[in-house]
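Participant: Position one of the sequence shown corresponds to residue 737 (the numbering used here), numbered consecutively onward.
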Amino acid sequence: MAQLFDVVVIGSGPAGYIAAVRAAQLGLKTACVEKWRNPNGEMALGGTCLNVGCIPSKALLASSEEYEKVSHHLGAHGITVKGASMNIATMLKRKDVIVSKMSKGIEFLFRKNKITWLKGHGRFAGRVDQGFTIEIEGDEKESVTAKNVIIATGSKARHLPGIAVDNKIVCDNEGALAFDSVPEKLGVIGAGVIGLELGSVWRRLGSEVTVLEALPTFLGACDDAVSKEAFKLFTQQGLDIHLGVKIGDVKASAKGVTLNYADSDGKPHTLAVDRLIVSVGRVPNTENLNLESVGLGVDARGFVPVNDYCETSIAGVYAVGDVVRGPMLAHKGEDEGVMVAEIIAGQKPHIDYDCIPWVIYTSPEIAWVGRTEQQLQAEGREYKSGQFPFAANGRALGMDATDGFVKVLADAETEQILGVHIIAVGASDLISEAAVAMEFKASAEDIGRVCHPHPSLSEAVREASLAIYKRALNM
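(1) DSSP three-state call for F1126: helix, strand or coil?
(2) Using only alpha-carbon positions, find the residue among F1124, V929, I1079, A1114 that is nearest to W1094.
(3) DSSP state of D985, grouped into three classes?
(4) Near A760, which residues of its chain fall below 7 Å by C-beta distance, leaving aside the five closest residues on each side in sequence?
(5) So who's on the other strand from D1139, going by DSSP bridges?
(6) Which same chain residues end up closer than 7 Å to C790 when comparing Cβ atoms and leaving out the 5 residues on each side of it in sequence?
(7) Identify whether D1071 lies in helix, strand or coil by the three-state DSSP scheme.
(8) What residue ranges within the stretch 793 to 872 form continuous beta strand (DSSP E) runs of no fewer than 3 residues, ordered along the chain?
(9) Buried or exposed for G858, please, with buried defined as at least 16 other CB atoms from any protein chain shown within 10 angstroms of its CB.
(10) Can you tell me which residues form a DSSP beta bridge with Y997?
(11) On the three-state DSSP scale, how would you describe V1076?
(12) Is the separation between the beta-carbon of L948 and that of A927 shorter than 9 Å?
(13) List in chain order: all unbroken beta strand (DSSP E) runs of 3+ residues lying wholly within the stretch 940 to 968.
(14) When DSSP labels each residue in this structure, what does G1033 get in the three-state scheme?
(15) Which residues in the same chain as A1008 place their Cβ atom closer than 6 Å to its Cβ, once the five residues preceding and following it in sequence are excluded?
(16) Since I1080 and L764 are thought to touch, with beta carbons under 8 Å apart, how far apart are those beta carbons, to the nearest angstrom?
(17) Taking the Cβ atom as the reference point for each residue, do S936 and Q972 lie within a distance shorter than 9 Å?
(18) In three-state terms, what does DSSP make of N1260?
(19) Could you tell me if H813 is buried or exposed, where buried requires 16 or more neighbouring beta carbons within 10 angstroms of its beta carbon?
(20) Hey, L1012 and T889 are a contact pair by Cβ (cut 8 Å); roughly how many whole angstroms apart?
(21) Answer yes if the stretch 741 to 760 comes into contact with the stretch 1069 to 1080, meaning at least three C-beta pairs across the two stretches below 8 Å, and no otherwise.
(22) Using C-beta distances below 6 Å, list every residue in its chain close to R1131, excluding the 5 sequence neighbours before and after it, in chain order.
(23) Can you tell me which of the three DSSP states F1039 falls into?
(24) Does the Cβ of Y1089 have 16 or more other Cβ atoms within 10 Å, making it buried, or fewer, making it exposed?
(25) Quick check: what's the CA-CA separation for E1128 versus I834?
(26) Measuring only the C-alpha atoms, how far is N996 from T953?
(27) Can you give me the C-alpha to C-alpha distance between G898 and D985, rounded to a whole angstrom?
(28) Are any of the Cβ atoms in chain D nearer than 9 Å to that of V864?
(29) Does A893 come out as helix, strand or coil in the three-state DSSP assignment?
(30) Could you check where the alpha helix (DSSP H) with R1198 kicks off and where it finishes?
(31) Which residues bound the beta strand (DSSP E) around N909?
(32) Return the CA-CA distance between A1200 and L1209, expressed in angstroms with no decimal places.
(33) Are at least three pairs of beta-carbons, each pair with one atom in the stretch 915 to 927 and one in the stretch 767 to 786, less than 8 Å apart?
(34) State buried or exposed for V1172, treating a residue as buried only when at least 16 other CB atoms are found within 10 Å of its CB.
(35) If you draw a straight line from the alpha carbon of E1118 to that of D1147, how long is it in whole angstroms?
(36) Taking 9 Å as the cut-off, decide whether the C-beta atoms of N787 and K892 are in contact.
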């Protein structure tokens, strides 16, 4: 007889494993299905984010930042380093150790919370009186019964027609995390989060990086002031960014890639690079789930339709993370996983999607939460704006990290914070204060009245809030 679980989660990425942990904490008998195999052929938890996404990319970002610091930015501190070099194999090994450690950490969480790991590919196999049959195909085949199912199968890189990705010469995010040498010339198609982060890694290590973006605007989801500052800083750093381009023929060989494209004026160009990263977004992993066996389907873009509580049209089946509408952010998926687990347990949680922060891990980092100024203008909403530069922040000066600013937007009448936008070193940490403030409907005055430690980067958030009232104390 098939095992019966209160909850079966399909997928162990951030949305999936967090959903499983929370469900188990609430006393529900829980299982999680995962098929991922690491480079050694071993089954591993964590999904795309942990294995070939968020975590390994941040490990490489940190390594490349340290290398650039040693090579170019220590002289002002009185530190001279001669003959600095980068051992790529050691850098990649460090990255792999971090990934393995975190994957083993999820295994520990599963054991601690008595979560069953069902190893293999999970798919629906119809409905039964007690819920749903889930088939798992791995080294062995088995079936289990679930009263509730959470689909958390994540996403995969979108590939462009006519451009074959081999993850050696032409790469998506996975291949770009495993270059065995620094390419002399690197091409990047797509100036989004992944393209900029990975392009930045290899630029710091010595690559000549050309970024080609089809859209006429740079980082269109960002506040205009931030995107303009980012474009200026990234081009100063050496990224050669071209907007409004149209990609033509792409020819790859063992020696490199030749790419033809037209610029924003229609003028033809040819780019020859040693390696090419294709980073043009991601698509949901909703294939081969046999959703139709329980009466479910996907929309035109492959997403599982859900309501505001991540409930599908079939009672007892939920979907979270990258397989549903909204931004493909790991932390958004985690919150959805917690929400669904609590709903199954009979609680009534909710998520305020306006308070979910976004981060781009470039240098400086970019982070924001809430509305942009152009969104408020399009909505016709009256607002106030305050801005404070890190060039006027003592801690930033001491760190030699004065690029960027904090921008706060507040309702013109109520002064409730509507959006906070940061481009700075440490923006990914600074944005959390803004997210908390917005979650609790704080005003700019509220942040301005809170004592912040001195000297600290966080003072810039307070100063930008005070700037709304023309009361910034250090500008």
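C-beta: ideal position from N, C-alpha, C; glycine also.
Facilitator: In short:
(1) helix
(2) V929
(3) strand
(4) T766, N849, K850, I851
(5) DSSP, once it has assigned bridges, lists no residue as partnering D1139.
(6) A1066
(7) helix
(8) 852 to 855, 857 to 864
(9) buried
(10) I983, H1005
(11) helix
(12) yes
(13) 944 to 948
(14) coil
(15) T994
(16) 7 Å
(17) no
(18) Look at the range of the chain in this structure, 737 to 1211, and you will see that residue 1260 is not part of it.
(19) exposed
(20) At roughly 28 Å, the Cβ-Cβ gap does not stay under 8 Å, so L1012 and T889 are not in contact.
(21) yes
(22) P1191, S1192, L1193
(23) coil
(24) exposed
(25) It should be pointed out that residue 1128 corresponds to Ala in this sequence rather than to Glu. Their backbone Cα atoms lie some 36 Å apart in a straight line.
(26) 21 Å
(27) 8 Å
(28) No chain D appears in this structure, which consists of one protein chain only.
(29) strand
(30) 1195 to 1203
(31) Careful: N909 lies outside any beta strand (DSSP E), inside the alpha helix (DSSP H) at 909 to 912.
(32) 10 Å
(33) no
(34) exposed
(35) 6 Å
(36) no
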